[in-house]
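A.B. asks:
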Amino acid sequence: MDFNHTEERRMLADSLRRTLERGADWAALAELGVLGALFTEDEGGFGGAGFDLAVVFEELGRAGCELPVLEAGLAGGLLADCGKSDLVEQVIAGELRVTAAYLEPGLRYDLGPITTTANNNTLTGRKTVVTAAEDSDLLVVSALLDGEVTLFSVDPKAKGVTLHTTPSLAGGSTSEVTLDAAPATPLGGGQAQLEARIAMATLALCADTIGTMDTAKDMTLDYLRTRTQFGVPIGKFQALQHRMADVAIEIEMARSAVINLAGAINAEPKERDRQTSAAKNLIGRTALLVAEEAIQMHGGIAMTEEYALAPIARRLIAADHRFGDEDWHLERFIRLSA
Amino acid sequence: MDFNHTEERRMLADSLRRTLERGADWAALAELGVLGALFTEDEGGFGGAGFDLAVVFEELGRAGCELPVLEAGLAGGLLADCGKSDLVEQVIAGELRVTAAYLEPGLRYDLGPITTTANNNTLTGRKTVVTAAEDSDLLVVSALLDGEVTLFSVDPKAKGVTLHTTPSLAGGSTSEVTLDAAPATPLGGGQAQLEARIAMATLALCADTIGTMDTAKDMTLDYLRTRTQFGVPIGKFQALQHRMADVAIEIEMARSAVINLAGAINAEPKERDRQTSAAKNLIGRTALLVAEEAIQMHGGIAMTEEYALAPIARRLIAADHRFGDEDWHLERFIRLSA
Amino acid sequence: MDLNYTAEERAFQQEVRAFMKANVAPEAAAKIAVGTHLDKADMDLWHSRLNAQGYLAGPWPKEFGGGAWSAVQKHIFEEETAYHNAPRIVPFGVGMLAPVLQAFGSKEQQDYYLPRILSGEDWWCQGYSEPGAGSDLASLKTRAVRDGDHYIVNGQKTWTTLGQYANKIFCLVRTDTSVKQQQGISFLLIDMDTPGIEVRPIILIDGVHEVNEVWFTDVRVPVENLVGEENKGWTYAKYLLTHERTGIAGVGFCNAGLDALKRVAKTEMHHGRPLIENPHFAARLARIEIDLMAMATTNLRVVAGADEGAAPGAESSMLKVKGSIIRQQINDLARRAVGPWAVPFVSEDLDSNLYHPGPDYAAKASNTYMNNRKISIYGGSNEVQRGIITKAILGL
Amino acid sequence: MDLNYTAEERAFQQEVRAFMKANVAPEAAAKIAVGTHLDKADMDLWHSRLNAQGYLAGPWPKEFGGGAWSAVQKHIFEEETAYHNAPRIVPFGVGMLAPVLQAFGSKEQQDYYLPRILSGEDWWCQGYSEPGAGSDLASLKTRAVRDGDHYIVNGQKTWTTLGQYANKIFCLVRTDTSVKQQQGISFLLIDMDTPGIEVRPIILIDGVHEVNEVWFTDVRVPVENLVGEENKGWTYAKYLLTHERTGIAGVGFCNAGLDALKRVAKTEMHHGRPLIENPHFAARLARIEIDLMAMATTNLRVVAGADEGAAPGAESSMLKVKGSIIRQQINDLARRAVGPWAVPFVSEDLDSNLYHPGPDYAAKASNTYMNNRKISIYGGSNEVQRGIITKAILGL
């Protein structure tokens, strides 16, 4: 039993943290090897294990990084599953920006039944809440081909593709993607690959949320130490102290849930998904607690866009609206535990 | 709009409180008119409205009274529904002790489908968790007669009736009642009467729990004022203050829920039951909070049988196990709200 | 014990209801229904219609031309306002300054300002909070130093709601620094056009410009703009805080929010069935509804008590705490209800050229959730309220 | 990062498991499974079997004949104990006094007492808490005044668990009243047969005699029964509190409790279907299971850290708080699961002639729920633990 990360992972985390503190762009992350860490050696990377994701995304969350690394891992992973090693190589090098478009309106968090349909190497349908589509060179899109879920690559600038883009609650952008006989290249792969990669992306999001919670907690503790009311630092008020103690406890529990998931991410699908749902449910509950307590203990200042907590709190809330929320995962956990 | 009790009810509450403080027996309660207050004038009493029950049972709960007044109202009410005014008269006079046996093993909190069956004026079956059966002169028992739920009176001392009696978590006693061709007198009445009277008994229990919570809160506040730790009364610790503020708020909300139910107890069954479930669910949640916080804030002393909080805390917990618990009523509320 | 309104109260309710039906602008109601902020024109229109009906001064005493509404009447009016998705009255002039002027202002001040409040000629904003003060309001630092016929005001106010629309501000300022905090505070009326005043927007967590900072640099205020006595301002400010807070629980908002939420949950699909049929969602909804039923009656108990002469002091604190929690829970559940649609996050102020891609009811779910975290912070945070309950009700 | 035990640890686990299978008395396991308290004979039997196997001294250092178990080994042992419904080791001699004697006792004390602890010749109980002290342990008042070769002890101890079986008690006593609270405390070993000692039972909320008051009236204790130095007793007592608390989360109990609860929920019927299929019950169960999965790993992180030399100080406080909450939630849900069967309330001590009318698994559901409210109170209440976390981890 060993709860220490390997030397390599610790080094990556340290340099990633320093790089992010300086303010990193996409090229810097690629150069640092962050994108390579998302893929196994077989896939052309040098990581790809659950704990590689855990380490990388915890730092990205801690720094509040809004670059679409998770999307590179998700869509790039699907490309790898379909044997597109040339494309994966470009993703790792930071030369090809990719994202996955798999969610459809009206399905809530379910992956199906989808209605986007392939016909003569074109796709028609609507995909929703596609992160960072605007800045992507390639979309990995799920569609029905002869009634089976199949993956396609789509150029978002092609005719027949319309993006409706807005800011995302998590930071960055999100798009509705309308496909009207849009040209598409079949990649192969299908539902099983999608589910496995979504599980990995959920792990990434959970780890990201751990880092984000750490930052929210640290900011709140700083504020409690420095903000005075009635002549004393508000961190001396016992009611707040005890609530912060509970916040700290819950974050440690959530951290353990992510460790559990990272260790189980390559298990057979039922156990993988059960652990995924356990972690995502707990992360959902904990992130809500941390966001709401951080805001409440800060008071008015937390409500302003100018103060740095606002995007952090939104990121914590947004995490529950991706890959299934607290209740969606609770239901699945119950189903998979029966 | 008027949230004041009538002069008569206030007077009854005041004298009941004083009587209970001196330690009242059954005769004293009867003499005071407490039993008469459970029945309408038509039934031979001088009360019987929702707010009569609310006033009486809040005081009984406040005093921790373990006498089976609720049972007199429930079983006596069923007797009244069946036109047994002579028996009701004896109940009101304190001369006839009655209780209702309607719950059966394996049904959890559901009233049916029961299996106790009538045959030639005898009953065969098993009734469970029958409060105060040991001290009763007459049991009102539900049983199937030609497939219909029908009420019967049974002498608990008769041949064919076996009582297995234990203490109750709520105080007083509770019995398993085994009926083996036990002689029984048909009363008439059936499922509708039972459901209406159970709703009234649920109101009584909710009001009782309000009084019990008041006592738990008052004891805790007294303790917080007098118990010192680290050189100050523990009531000066802000973490405890804020938790007690929440306890006080929740009790006020629960009090309002009982008012709502008392006002709706004679509404048509669907609305009556919806309000009953709303109140019982809230009372269940609040009583748990109050019991657990009262124990925790007292610390070790609360864990001892000698200190007066123990039976109060048990009574609060026991209330959730009668007439349907928090979740049972939540489900019913959802069903009736659809 | 009678949970129903009296015949007179029911008649009043019918009257208000008819007024709402005839007068609430559909555009404003549509905005309110989905959580879009109103613009100044919406608010001005509503102000004038209420004034024409005499409702704006409804709660005012008769001697000031008011309707002397009882607490129950005020409650009915708030209930109907929320039920019909009518705009809230902008409270700073009508509901906050006016009662202070009526109780402590000079005859001249009353005669001059009260009609202008009703007509809408003056739009007042509130200058209480300061950046360093927070819940410790009395630690305010904005100075007013007497200089002949004027006070010279220097300092900074914050959280000034809708200050961008105001031509007047009422302020708490420190006029004596040699005494204890609560003493030495005065209540000043200041023209926003006076040189030296600068209003800076504060953008909130949902991207909306709703509050402001107001900076005072050598602002000259005539001494006749002092309300009541110098150094007694804290008393006047407290008067409002312990008075007339029967609407604090926000029961009307909660009812309207819960109704809207139920409609959403009947429309949104979960595993192919309406979300409202999902037991986990239904359980969350039912618990909130049960809590709200109890809170509504608690609110009425306090309202009825107020009409019997009981000053709803610490009871207001209970309503504030529980009311904010329930309202925030409704906002939380509304956000959950729209699922992935909560992710596109369009602020009407910052992203005014964008529209939300989801259904109308989803457009503001995240925004409203984020924005309403303020409810448990402003007007005395829930922590401050628990402190009041501790002292005034629990006696600890 | 490796979440699995090493080969050596797995081998140890297999060995312990085999021992448990061969040695746990079925009668005791049956009692533990439903929450019935063990009697002295059950505990004595288990003590002697563990001693024969060398497990009793497992955690002791090698120089005292122990197995020098790692924190992981201790954890494995606790896990298997709970999993097999084996009795807990009565900790007062083996787990509490022995480490103090090993660290601070004289050679004579070690040679005399340690073998008697293992053999079961001495049954130790703990004399720390006092009626007035509570969480403020250092405010203890029991006096020991030197009189020649003896201390004269006067005072009162409370919450003395299983003191009715003990022939020895280790006590914190005040030997100097002129210094600050934590100073002036000494650690004394006292024979329960000494004249002037009286043990009075305390009946707990579930009707069980588990703890006692111990009264001391002019009790003469030989000075050689002092452990370490006079007035240094607080140091020795604290040594235990900050050391070796890896089992504090009670993960084993929680796992066993949750397994039992699931079996009950598959048997109990709700609206004609097994209770476990009810979504509201299933949601409660699942949340607890998810919490427990996370807590178990948190516990292992602390255990593994302890073996790497990290002193699990404030982390123990986190485990104590969360562990007690989860365990109490399991007890709460177990009580809910049995529905109306929770009402018959039979105490084995007070009502020993009665039996519970419901199914076996329901017999102690209420009793265990009520009794285990103590978990968040004893050994430093959760409030005290949150205070430790505030200082040691949060730095507030």
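Residue numbers (UniProt numbering), protein chains in the order written: chain A, 1 to 338; chain B, 1 to 338; chain C, 1 to 396; chain D, 1 to 396.
The beta carbon of each residue, even a glycine, is placed where N, CA and C say it ideally should be.
1. Following the continuous beta strand (DSSP E) through Q156/C, name the residue where it begins and the one where it ends.
2. To the nearest angstrom, how far is the alpha carbon of P340/D from that of R373/D?
3. Give me whichever residues DSSP pairs with G196/D in a beta bridge.
4. Listing by chain order, which chain D residues have their CB less than 8 Å from the CB of H84/C?
5. Mind listing which residues of the segment 227-253 of chain A have their C-beta closer than 9 Å to chain B's C-betas, in chain order?
6. Taking 8 Å as the cut-off, decide whether the C-beta atoms of G380/C and S135/C are in contact.
7. Taking all protein chains shown into account, decide if M43/D is buried (16 or more other Cβ within 10 angstroms of its Cβ) or exposed.
8. How about E386/D: is its C-beta nearer than 8 Å to some C-beta of chain A?
9. Quick one: what does DSSP say V177/B is sitting in, helix, strand or coil?
10. Closer than 7 Å by beta-carbon distance: list the chain C residues that pair up with I295/A, in chain order.
11. Let me know if T166/A comes out buried or exposed under the rule of 16 or more other beta-carbons within 10 Å of its beta-carbon.
12. Between N4/D and chain A, is the shortest Cβ-Cβ distance under 8 Å, so that the two count as touching?
13. Among R18/A, V69/A, E331/A and G83/A, which residue has its Cα nearest to the Cα of A282/D?
14. Between the Cα of V94/D and the Cα atoms of A103/D, Q109/D, W124/D and Y112/D, which residue gives the shortest distance?
15. What number of angstroms, rounded off, separates the C-alpha of L101/D from the C-alpha of V16/D?
16. For a contact defined as C-beta to C-beta under 9 Å, what are the partners of H5/B on chain C?
17. Using the Cβ count rule (16 or more neighbours within 10 Å means buried), how would you classify P115/D?
18. Out of S317/D, K364/D, P99/D and V303/D, which one is the CA nearest neighbour of L3/D?
19. Going straight from the alpha carbon of K168/D to that of F3/A, what length do you get?
20. Determine the direct distance from the alpha carbon of R314/B to that of A342/D, and round the result to whole angstroms.
21. For S347/D, which residues in the same chain have their Cβ closer than 8 Å to its Cβ, ignoring the five residues on either side in sequence?
22. If we define contact as Cβ-Cβ less than 8 Å, is T212/B a contact residue for chain D?
23. Between the alpha carbons of G257/C and I330/C, how many angstroms are there, rounded?
24. Express the C-alpha separation of R327/C and D233/D in angstroms, rounding to a whole number.
25. Skipping 5 residues on each side, what residues in its chain have a beta carbon closer than 7 Å to that of A98/C?
26. Evaluate Q14/D with the Cβ neighbour count: other Cβ atoms within 10 Å of its Cβ, from every protein chain shown; 16 or more gives buried, anything less gives exposed.
27. Could you say if the segment 223-237 of chain A and the segment 15-25 of chain A meet the contact criterion of at least three C-beta pairs nearer than 8 Å?
28. Could one say the Cβ of A278/B lies closer than 8 Å to chain C's Cβ atoms, at least one of them?
29. Name the DSSP bridge partner or partners of W341/D?
30. What residues in the segment 345-358 of chain C have a beta carbon less than 7 Å from any beta carbon of chain A?
31. By DSSP, does D176/D sit in helix, in strand, or in coil?
32. Quick one: what's S153/B bridged to in DSSP?
33. Along the alpha helix (DSSP H) that carries P311/B, what are the first and last residues, could you check?
34. Are the C-beta of L330/B and some C-beta of chain C separated by less than 8 Å?
35. Which class does V214/C belong to by DSSP, given the choice of helix, strand or coil?
36. Check this for me: beta carbons of A294/C and L205/B, under 8 Å apart or not?
C.D. replies: With the structure as the only source:
1. Taking the third sequence and counting its residues from 1, one reaches residue 156/C at position 156. Here the beta strand (DSSP E) through Q156/C covers H150 to K157.
2. Taking the first residue of the fourth sequence as position 1, residue 340/D is located at position 340. Taking the first residue of the fourth sequence as position 1, residue 373/D is located at position 373. Rounded to the nearest angstrom, the two C-alpha atoms are 21 Å apart.
3. Taking the fourth sequence and counting its residues from 1, one reaches residue 196/D at position 196. DSSP output for G196/D lists no bridge partner at all.
4. In the third sequence, the residue the question calls residue 84/C occupies position 84. The contacting residues do not exist; H84/C stays about 35 Å from chain D at best.
5. Correct list: F237, Q238, A239, L240, Q241, H242 and R243.
6. The residue given as residue 380/C occupies position 380 in the third sequence. The residue given as residue 135/C occupies position 135 in the third sequence. Judged by beta-carbon spacing, S135/C lies within the 8 Å limit of G380/C, meaning their Cβ atoms are closer than that value.
7. As a working mapping, residue 43/D is identified with position 43 in the fourth sequence. Under this definition M43/D is a buried residue.
8. For this step, residue 386/D is matched to residue 386 along the fourth sequence. A small correction: the amino acid at residue 386/D is Arg; Glu does not occupy that position in the sequence shown. Taking Cβ atoms only, chain A reaches closer than 8 Å to R386/D, which makes this a yes.
9. Counting from 1 along the second sequence, the entry for residue 177/B is found at position 177. The answer is strand: DSSP assigns V177/B an E or B state.
10. Position 295 of the first sequence, counted from the first residue, corresponds to residue 295/A. Here the neighbours are R373.
11. In the first sequence, the residue the question calls residue 166/A occupies position 166. Around the C-beta of T166/A, 16 or more other C-beta atoms lie within 10 Å, and the residue is accordingly described as buried.
12. The count along the fourth sequence starts at 1 and reaches residue 4/D at position 4. Judged by the 8 Å Cβ criterion, N4/D is in contact with chain A.
13. By 1-based counting over the fourth sequence, the position of residue 282/D is 282. For the residues R18/A, V69/A, E331/A and G83/A, the minimum Cα distance to A282/D belongs to E331/A.
14. Looking up residue 94/D in the fourth sequence gives position 94. That would be W124/D, whose Cα lies nearest to the Cα of V94/D.
15. In the fourth sequence, counting from the first residue as 1, residue 101/D sits at position 101. In the fourth sequence, counting from the first residue as 1, residue 16/D sits at position 16. Roughly 27 Å between the two C-alpha positions.
16. Translated into positions along the second sequence, residue 5/B becomes position 5. Within 9 Å Cβ-Cβ: M1.
17. Within the fourth sequence, residue 115/D is the residue found at index 115, counting from 1. Exposed: under 16 other Cβ atoms inside 10 Å.
18. Along the fourth sequence, read from residue 1 onward, the residue named residue 3/D stands at position 3. The residue from S317/D, K364/D, P99/D and V303/D with its alpha-carbon nearest to that of L3/D is V303/D.
19. By one-based count along the fourth sequence, residue 168/D stands at place 168. By one-based count along the first sequence, residue 3/A stands at place 3. Near 42 Å, if we compare the C-alpha coordinates of F3/A and K168/D.
20. Numbered from 1 along the fourth sequence, position 342 holds the residue referred to as residue 342/D. Numbered from 1 along the second sequence, position 314 holds the residue referred to as residue 314/B. A342/D and R314/B have their C-alpha atoms some 11 Å from each other.
21. On the fourth sequence, position 347 is the one that residue 347/D refers to. Only D206, G207, V208 and N367 meet the Cβ criterion.
22. The count along the second sequence starts at 1 and reaches residue 212/B at position 212. Interface with chain D (8 Å Cβ-Cβ cutoff): T212/B is excluded.
23. Working through the third sequence from its first residue, we reach residue 257/C at position 257. Working through the third sequence from its first residue, we reach residue 330/C at position 330. If you draw a straight line from the Cα of G257/C to the Cα of I330/C, it is about 7 Å long.
24. In the fourth sequence, counting from the first residue as 1, residue 233/D sits at position 233. In the third sequence, counting from the first residue as 1, residue 327/C sits at position 327. Note on identity: in this sequence residue 233/D is Gly, with Asp being the wrong assignment. Taking the CA atoms as reference points, G233/D sits about 54 Å from R327/C.
25. As a first step, residue 98/C must be located in the third sequence, where it is residue number 98. Listed in chain order, the non-local C-beta contacts of A98/C below 7 Å within the same chain comprise W60, L114 and I117, local neighbours out to five positions each way being set aside.
26. Here residue 14/D corresponds to residue number 14 of the fourth sequence, with the count starting at 1. Here Q14/D is exposed, its C-beta having fewer than 16 other C-beta atoms within 10 Å.
27. Touching, no.
28. Here residue 278/B is taken as the residue at index 278 of the second sequence, counted from 1. Taking 8 Å as the threshold, the shortest C-beta distance from A278/B to chain C falls below it.
29. Locating residue 341/D in the fourth sequence gives position 341, where the first residue counts as 1. Per DSSP, none; premise fails for W341/D.
30. Against chain A - using a Cβ distance shorter than 7 Å - the residues of the segment 345-358 of chain C are F345, V346, D351, L354, H356 and P357.
31. By one-based count along the fourth sequence, residue 176/D stands at place 176. In the structure shown, D176/D sits in coil (DSSP, three-state: anything other than H, G, I, E or B).
32. Within the second sequence, residue 153/B is the residue found at index 153, counting from 1. Beta-bridge pairing links S153/B to V140/B and T185/B.
33. In the second sequence, the residue the question calls residue 311/B occupies position 311. It spans L309 to A319 - the alpha helix (DSSP H) in which P311/B sits, taken as one unbroken run.
34. Numbered from its first residue, the second sequence carries residue 330/B at position 330. Judged by the 8 Å Cβ criterion, L330/B is in contact with chain C.
35. Taking the first residue of the third sequence as position 1, residue 214/C is located at position 214. Residue state for V214/C is assigned as strand, using DSSP reduced to three classes.
36. On the third sequence, position 294 is the one that residue 294/C refers to. On the second sequence, position 205 is the one that residue 205/B refers to. The answer is no: Cβ separation not under 8 Å.
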